[in-house]
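Here's the structure, in structure tokens; my notes come after.
4 protein chains.
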Amino acid sequence: MNLNNLKFHQKLVPENYLKLALEAQKCKEIQVKELLEKRKLPDIGWPDELIEQVIQQLAALDNNNFEHKIGLGEREARIISKLVNRRNYGFGHGIGRSGDLLEAQPKAVGSTILAQLSNALVLDLMRLQGIKSVKCCFIVPMATGMTLTLCLLSLKKQRPTAKYVLWSRIDQKSCFKSITTAGLIPIIIDTIRRNEQSGLFTDLKKFEEKLLSINHEEILCIMSTTSCFGPRNCDDIINLAILSAKFNIPHVVNNAYGLQSTYLTHQLEQANNAGRLDLFIQSTDKNLMVPVGGAIVAGFQESSVHHVAQTYSGRASSSQSLDVLITLLSLGKIGYQNLVKERKTNFAYLQKQLEEFAEKYNCRIIKAKGNPISLALELKRLPTEEATKLGSMLFTRGISGTRIVTKACNKIVDGFEFIDWGSHENNLDCAYLTAAVSIGLQLSEIDAFIQKLQQCWQDIEKKTRK
Amino acid sequence: MNLNNLKFHQKLVPENYLKLALEAQKCKEIQVKELLEKRKLPDIGWPDELIEQVIQQLAALDNNNFEHKIGLGEREARIISKLVNRRNYGFGHGIGRSGDLLEAQPKAVGSTILAQLSNALVLDLMRLQGIKSVKCCFIVPMATGMTLTLCLLSLKKQRPTAKYVLWSRIDQKSCFKSITTAGLIPIIIDTIRRNEQSGLFTDLKKFEEKLLSINHEEILCIMSTTSCFGPRNCDDIINLAILSAKFNIPHVVNNAYGLQSTYLTHQLEQANNAGRLDLFIQSTDKNLMVPVGGAIVAGFQESSVHHVAQTYSGRASSSQSLDVLITLLSLGKIGYQNLVKERKTNFAYLQKQLEEFAEKYNCRIIKAKGNPISLALELKRLPTEEATKLGSMLFTRGISGTRIVTKACNKIVDGFEFIDWGSHENNLDCAYLTAAVSIGLQLSEIDAFIQKLQQCWQDIEKKTRK
Amino acid sequence: MNLNNLKFHQKLVPENYLKLALEAQKCKEIQVKELLEKRKLPDIGWPDELIEQVIQQLAALDNNNFEHKIGLGEREARIISKLVNRRNYGFGHGIGRSGDLLEAQPKAVGSTILAQLSNALVLDLMRLQGIKSVKCCFIVPMATGMTLTLCLLSLKKQRPTAKYVLWSRIDQKSCFKSITTAGLIPIIIDTIRRNEQSGLFTDLKKFEEKLLSINHEEILCIMSTTSCFGPRNCDDIINLAILSAKFNIPHVVNNAYGLQSTYLTHQLEQANNAGRLDLFIQSTDKNLMVPVGGAIVAGFQESSVHHVAQTYSGRASSSQSLDVLITLLSLGKIGYQNLVKERKTNFAYLQKQLEEFAEKYNCRIIKAKGNPISLALELKRLPTEEATKLGSMLFTRGISGTRIVTKACNKIVDGFEFIDWGSHENNLDCAYLTAAVSIGLQLSEIDAFIQKLQQCWQDIEKKTRK
Amino acid sequence: MNLNNLKFHQKLVPENYLKLALEAQKCKEIQVKELLEKRKLPDIGWPDELIEQVIQQLAALDNNNFEHKIGLGEREARIISKLVNRRNYGFGHGIGRSGDLLEAQPKAVGSTILAQLSNALVLDLMRLQGIKSVKCCFIVPMATGMTLTLCLLSLKKQRPTAKYVLWSRIDQKSCFKSITTAGLIPIIIDTIRRNEQSGLFTDLKKFEEKLLSINHEEILCIMSTTSCFGPRNCDDIINLAILSAKFNIPHVVNNAYGLQSTYLTHQLEQANNAGRLDLFIQSTDKNLMVPVGGAIVAGFQESSVHHVAQTYSGRASSSQSLDVLITLLSLGKIGYQNLVKERKTNFAYLQKQLEEFAEKYNCRIIKAKGNPISLALELKRLPTEEATKLGSMLFTRGISGTRIVTKACNKIVDGFEFIDWGSHENNLDCAYLTAAVSIGLQLSEIDAFIQKLQQCWQDIEKKTRK
């Protein structure tokens, strides 16, 4: 519907007034036109009203929103609750078709465009963030864990005899479970320290040993991780990519919240240049500030990404694509880049604050240069019990997201035992606390955190002394 | 927040007026109290305002909505777009934890309640629909196809040596792909005819043969289907359950849109009574009239259902649970049951209309008594080409959901060839058209369909005659 | 903005799919086109989505919603709260200009169209309801009372020496106050009874006496009322119009909730045919089911209506026009007419129920044939105190809108004393209860009312007996 | 409804998680409690979610939103359109009762609180802005013009023999029309210049002359204006107040957009201290950034303000109160004060920019020290025609709000002739342009304005030269 082409009854408004007002609409029309023709992020974010207008017009293209729909099938996207319909803007058909998550639905033209457009804008964003060579990506309406599983299942279809995944240890449950859920067997390669001060690194030697000792046809892939809790560093994905290429084994990277950091995105770009990197996966909520529930599968070759989309069985929710599309249009390039810069500054600020804290209270920050997001504060002077207590004190005071890692906390996940669970290694020295600076964190939160950390610390010290 | 406990300044309103108004709120409070204490569907649907109030108060329990949140983690459910925040009511944390889709999240109390409450109401609804013995169920934020895959992966974890799925053929892609995606090998058992008039049935004999001939440890499960396109009947899940029990092989039922039909739900109940039925899966969109994107995993034993939840790696979107919760509260028991009854009446009406049509135009309805949702109209007199054309004519005239199945349309899916794809059998006689009466279909749509069918038919006949 | 004219990137959706979807939008476009060209009510109500789309596109035509607005004035319709902006769809400029409520605003083209379009649709509705000769009308964003004042002030500008309003008594405060607020002096002409059974009528003789005895230049107008509490009848506006014409005195009719009744609208039409009727005023909330706050000024000559619009000083809220526009588009002709019919049936039903009640409890309904909306039930057997008590019992039981009129309840309003306030006459016989059947009342409310009335009645009788 | 008092089923969420989440709600509850008990502006603005929660709970107190409402009256606030209901949060009863705009409605407890609370917060804001002695105020759902009329009608009720309003000329139509609409006769007292450089001032001498020469009983009031277009200054309301007191004549001040300027609010406070100031009226849209449609009547004595409320006949829209309430809660004290400060800075910025412009293009700014909002730029070198053209050029370039005042533009309004309409005086020297810096203006708008002004100026100069 377009007011421009209409003849307004003269009694409604004088023609010269109307003319000026219609002209003022043109810049909006150009913005929409460019979006649909070029499929690129706008430089400047759009106002909510314009975003909603586009969304509503897209939704109107789905059959369930046609005025004279006649649906004789088992799934016609009838939405019975007005509230549900409103919050979904009338989108009901989901995305993809039974054979392929990227296929167009004839009776859901709007949903199809919604999905493809979101994917295109995310691709643009990835390049903006420094992954210049990325070729293809798509949003999967499953969080990172299940999306990793999907990627592994896609590889499994192509390498049916493979059963092992060479996995650089990171003590995050869903990442590990993504392997076992796919019916595969993880070969866990613990991270190692180079020295006391620099955090944990990928054990490249062990990787090479395993690649040499196991039948290649039985290895599904190497699985590495970029973004992680300090003091673990980003895996050495460049050298892992070189190994991948050398042994001709697929390489999957869990880039969970790495898209927000240009340090990590450049690692991905360089890894691809240096060797082999088949697929990298990132969360939509952690990088794009939308609700949990989506992930992005990306790669440097169309075919490998498409194969993942074709592995997905059935249609899927369009809710995640919708949240991403709205958010990206609302931020624009400049908006996102500002968030990225702000995060970097905030990280430096937290580091400085924690260093001051460490000096004052006689503890230590571990400088893991390959981790631009999460910091670890060693709690050498606190016994395990007190360290644990510190964690729960912080939580009851409204601080979420920090973690306390303590010694001798072993754990069995899906039959595999992890010594010192949480530490990504087998010989944890002493307890530590991690804190992360993610996109969207406010400076005032850091100040409040440091203040509460001091209070809790002092309380614990007081009690310990008695 | 509660106005009841507040002391209003006397200048705002006279006390006696206020007292009466506050008393009138009590029935709402009782409804909410009962919901949260008993976790049962209300008899009568709630007004939208009350639903939104409850949803908003639940959302306020999540940490990201606390007034003084301090988030130092990599995922704090920051939602940057106001539009996205509004449409998600502020829910950002998703559901589940990395280890288990049913686990509570300490920093997302509202989301946790949202998920558990939705699951409880769906359980209540299932019992209401006649599956009295169902013990446990939960909403998965993936559509039916991927959810079937998840169930198979869950069984695979328990039966690591198994690799085959005995599958009663149904020509619906995502159902079939759910097997290959899980890295498993389907053993396809074509449906058979008993006579010309009664549609297609499960080939029980072939199932038994396979169960006898294949090593049990290599069989993951039997997979059958209830709701399907006519003239295929609901699988004989009662006898399949008996076979399952006899051979001690898991039995998974794809009940995609079967929850809406009491005929099909009673099949499930009886199958469980007679033999073994481990898991049955249904779509939320097709049965509950919400947007595509969710499925319900249910079972007659807590442990088997829980195992599926534990197989899911990572957290997941709460969007589907939210849509289901809003819809169920909005409908109430009576509302849903009315929809179910109406659907049944509509089905009878379509059947009658099509029978009249068949008589008039000299064709035939195939009476598949075990299919209470979808009807097949044989197009004996139309050559394949014309039949195909009829399908596209209907679609361009705004009719969606009908399917034309024609002879000699073979298809290869994931390396498996299907003769006469769409027909669920290997010796399709002649083309036919299917039409389904789903929950939510309006009577007026049936009339419009019949009218347009006649027009198209006449057009085709005219051209054929020339 | 219009998707039709855009070239979608081919990767977004296949062209043939898109083409069908865009074609399906045409019927909506035609509806909008017809609305803006013909300014008539649609036959069938529009879906909410389409209404919102049109509203949003109109709002986009106001300067404050331009993307590059530069406002250097004292009023630029900046709306600072997102919530306020959203609920007003971005409309901020109000309607009218300082000189005239019907004038177009150059910097608020959308608001101007909104106002004019609402007025046009209301005019169409009035004709539909039987006031065929109505020439002009407009929505005033003030309720009926102040709008009556505005009409009187408009007449006063034209008849500066006039100071009296000949007013057929109706005991409704805001109607009476509309005269004193305008700085005018009411001459109160009590209604009279013809016989015990037929209610209260206009005292035409007294009107004529006054018209003969007072200097014409000092009489501003005759003011009469159509819709009223039973057992008062609609004023005899036909004969008052004849007197008006004869004495060349303006005639203003308070048609507060009369637009919903075709009986009353036909009185208006006939009055105009028979004599003089300058302006008639009706409430938007009571007739169109929108929130309180608007009224409609209408007349049979453009000039008299325009003069009222020109009397209004300054701009005014567009909120009422917006509510009316949304409501009328949502109902359509058929929707409104159905409500009108239903009301009529409901009235007959209430009458029947009350007659049965009257028979059972030995009291009496007063048959005022000239009142199609409100009924009076005589409470002969209840002493004043008990009658009053009955009223408050009903209210505390959730019944609103009924009134109890008792004897000897005199009242002074703005210095004028009314004997038996509430009864429209000076010699009230006995207490009575009134109940009205308005547009939108549900049949179930009538049943609940009768049931509660019986309970209360029995309770009172019980106590009285003791 | 309150989650705190409920017993959640244990399966919904672990008790310890719930406890922490419920505790986090307390600060919100305290905020609401304080608001309703103290009726003061919060220091810090509330988040939208909390505002909506309170609004919804208030709306639930109105009878039309009761679950078991039985409405037998002619006005039961039935809102038939879901869209209309949603945008009004279910408020339908309006505010006030037929006798008094400040009276409580028994069947609209929520609306009553809404109105009274908004009034209380506005009172608090006025004091915050420096009018320490203000006693009472209320929001009228009519814009400034009609509200001035209402105030005059209220005075007229108290002084029935009065007919003249002594009015310090300001060339703004609705202000002048407010007098004639009330049926009163304006006595126009032109503003005067003290010298060329300082703008226009109140002609106090002429006021005193009139007060001495006209029978006091025939003078209704003095009417003065604070906020106005430059180079007119704020009226000398302090000395007018002294005259008012001396002659015992009411004094009404049109403070249209003066609440946003602490300079003007202090004039009001001092005028009251020095003499007599009965009522002052200000616009809600211009001072509080809500849509057009409301005004605030305020005074230093309860009785005079109450009398205005009692003069209003009938109920009125609650829409304006709702917009104001939402906006004030959203801003909080600090938010509003920041806007006020920012406006002051912006004004200084515009002045500086225009002075630079004036120097460059050889024209002049008139320094009216008593006008803190609007500036005048003399266009001495431009002939009338070119000046007019400049105005329209600016408008077509998206600049709204500036005015061009030219010589010899006489106008007749309601029979009164104004020489040099727009200039507030009878001997305009040369054309000038006015520009105002209102609350909410962005600095970037000033820059854009100056840039476009230069372009237009140069264009005109170029053409003039040829």
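Chains as they are written, first to last, in the working numbering: chain H, 1 to 466; chain S, 1001 to 1466; chain P, 2001 to 2466; chain E, 3001 to 3466. A virtual CB, placed ideally from N, CA and C, is assigned to each residue, including glycine. Computed from a predicted structure; not experimentally measured.
Item	Value
Going along chain E, which residues have a C-beta under 8 angstroms from Thr396 of chain H?	Leu3020
So, with DSSP's three-state summary, where would you put Arg3276 of chain E?	coil
For a contact defined as C-beta to C-beta under 9 angstroms, what are the partners of Ser3361 of chain E on chain P?	Going by the sequence as given, residue 3361 of chain E is Tyr instead of Ser. Those do not exist, as Tyr3361 of chain E stays about 18 angstroms from chain P at its closest Cβ, beyond 9 angstroms.
List the whole-angstrom C-beta distance separating Gly2073 of chain P from Phe2091 of chain P, where the pair is believed to meet the contact cut-off of C-beta under 8 angstroms.	So it is not a contact: roughly 17 angstroms between Cβ atoms.
What residues from the stretch 82-96 of chain H come within 7 angstroms of chain E, judged by C-beta to C-beta, listed N to C?	Lys82
When the Cα of Leu1020 of chain S is compared with those of E:Asp3062, E:Asp3323, E:Ala3182, E:Thr3402, which residue comes out closest?	E:Asp3062
Sort H:Asn4, H:Pro106, H:Ile30, H:Ala108 by Cα distance to Gln2057 of chain P and report the nearest one.	H:Asn4
Quick one, are the C-beta atoms of Thr147 of chain H and Ile281 of chain H less than 7 angstroms apart?	yes
Taking the alpha-carbon positions, what's the Val292 of chain H to Gly2071 of chain P distance?	41 angstroms
Using a beta-carbon distance cut-off of less than 8 angstroms, what residues from the stretch 369-384 of chain H approach chain S?	Ile373, Ser374
Step through the CB atoms of chain P and report whether any lies within less than 7 angstroms of the CB of Phe3357 of chain E.	no
Helix, strand or coil: which one does DSSP assign to Gln3172 of chain E?	coil
Starting from the Cα of Leu1125 of chain S, find the closest Cα among S:Ile1373, S:Phe1418, S:Leu1325, S:Tyr1349 and give me that residue.	S:Leu1325
Say whether chain S places a C-beta atom closer than 7 angstroms to the C-beta of Ile3113 of chain E.	yes
Roughly how many angstroms separate the alpha carbons of Gly3294 of chain E and Gly2299 of chain P, rounded to a whole number?	27 angstroms
Under 7 angstroms between C-beta atoms, does Met3146 of chain E make it to chain A?	The chain inventory of the structure shown lacks chain A, comprising the protein chains H, S, P and E.
What whole-angstrom Cβ distance do Leu2268 of chain P and Ile2131 of chain P have, given they're in contact under 8 angstroms?	5 angstroms
Taking all protein chains shown into account, decide if Ile3095 of chain E is buried (16 or more other Cβ within 10 angstroms of its Cβ) or exposed.	buried
Please go through the stretch 1006-1079 of chain S and give each complete beta strand (DSSP E) segment of 3 or more residues, from N-terminal end onward.	none
In chain order, what residues of the same chain have a beta carbon less than 6 angstroms from the beta carbon of Lys360 of chain H, not counting five sequence neighbours either side?	none
Given a limit of 7 angstroms on CB to CB distance, which residues of the stretch 1279-1308 of chain S reach chain H?	Asp1285, Lys1286, Met1289, Val1290, Pro1291, Val1292, Gly1293
Along the chain, which unbroken stretches of the alpha helix (DSSP H) at least 4 residues long are found entirely within the stretch 1275-1361 of chain S?	1284-1288, 1302-1311, 1319-1361
Kindly identify the DSSP beta-bridge partner or partners of Ile3366 of chain E.	E:Ala3376
How many angstroms separate the CA atom of Leu2150 of chain P from the CA atom of Ser3154 of chain E?	14 angstroms
Name the two residues that bound the continuous alpha helix (DSSP H) containing Met1146 of chain S.	1144-1158
Taking one C-beta from the stretch 3411-3425 of chain E and one from the stretch 3188-3195 of chain E each time, how about it: are there three or more such pairs within less than 8 angstroms?	yes
Determine, using beta-carbon pairs with one atom in the stretch 3407-3415 of chain E and one in the stretch 3170-3180 of chain E, whether at least three such pairs fall under 8 angstroms.	yes
Quick check on the burial criterion: 16 or more other C-beta atoms within 10 angstroms. Buried or exposed for Thr1180 of chain S?	buried
Out of E:Gly3401, E:Gly3391, E:Ala3436, state which residue places its alpha-carbon closest to the alpha-carbon of Ser2971 of chain E.	Since the first residue of chain E shown is 3001 and the last is 3466, residue 2971 of chain E is not available in this structure.
Would you list, in chain order, the members of the stretch 3304-3336 of chain E that have their beta-carbon closer than 7 angstroms to a beta-carbon of chain S?	none
Is Val2253 of chain P helix, strand or coil by DSSP?	strand
Going by Cα to Cα distance, which pick from P:Leu2050, P:Thr2345, P:Thr2327, P:Ile2334 is closest to Lys2286 of chain P?	P:Thr2327
Kindly list the residues whose CB is nearer than 6 angstroms to the CB of Ile439 of chain H, restricted to its own chain and excluding five residues on each side of it in sequence; keep chain order.	Gln260, Leu339, Arg343
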